[in-house]
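In our numbering, the protein residues as written are 1 to 166.
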């Protein structure tokens, strides 16, 4: 039997709450959660501008679930969504994609983020994008990401976060 895919998007008012959700989800360890990706508000903004998407300009977690049973995938997504709501996600903004095709449409913005970041400021041939990686205790991850975003802003730098976060 082929594996099923589902997932969706969870919007937040700030990047710290989004990453706190990731930490909670990793600790809860839903069996079907295959991947969790993060775009911060600026990542969403540049993706909307370049690819003409209309995502809300706020940090968004993209989840992908994978398994053999659609009910299990939905239950695991809902479990992470409940963690998200406790961390500040608006339940009204949660979008669920029940199948792989719908999920691919939801994930299109995340997949184009790097290219969008290169084109964001309109330079011919694209802009330089600095890629980084961190390794911190999971208990420090939300503060680290939020502080890094704040540091970039305080320096007047564009801070586009498109990250594989779990």
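Think of the CB as a built atom: it goes at the ideal place given N, C-alpha and C, for glycine as much as any other residue.
It should be emphasised that the depicted structure is a prediction, and the values quoted were computed from it without experimental measurement.
Can the beta-carbon of residue i be found less than 7 angstroms from the beta-carbon of residue j?
i: residue 162; j: residue 88; result: no
i: residue 76; j: residue 32; result: yes
i: residue 165; j: residue 38; result: yes
i: residue 15; j: residue 56; result: no
i: residue 6; j: residue 81; result: no
i: residue 129; j: residue 117; result: yes
i: residue 114; j: residue 46; result: no
i: residue 63; j: residue 36; result: yes
i: residue 10; j: residue 84; result: yes
What residue from the options has the CA that sits closest to residue i's CA?
i: residue 179; options: 7, 136, 135, 131; result: No information on residue 179 is available, as it lies outside the stretch 1 to 166 that the chain covers here.
i: residue 66; options: 30, 121, 109, 94; result: 30
i: residue 34; options: 40, 148, 22; result: 22
i: residue 94; options: 120, 112, 18; result: 18
i: residue 49; options: 9, 10, 144, 112; result: 112
i: residue 109; options: 52, 149, 84; result: 52
i: residue 69; options: 99, 54, 152; result: 99
What is the DSSP secondary structure of residue i, reduced to helix, strand or coil?
i: residue 152; result: helix
i: residue 166; result: coil
i: residue 97; result: strand
i: residue 91; result: helix
i: residue 120; result: coil
i: residue 143; result: helix
i: residue 136; result: coil
Assuming residue i contacts residue j (C-beta within less than 8 angstroms), just tell me the rounded distance between them.
i: residue 79; j: residue 28; result: 6 angstroms
For this session: Could you pull out every unbroken beta strand (DSSP E) segment of at least 3 residues lying fully inside the stretch 2 to 63, listed in chain order?
Result: 4 to 11, 33 to 39
Problem set entry | Sequence ranges, alpha helix (DSSP H) only - wholly within the stretch 63 to 89, length at least 4 | 70 to 86
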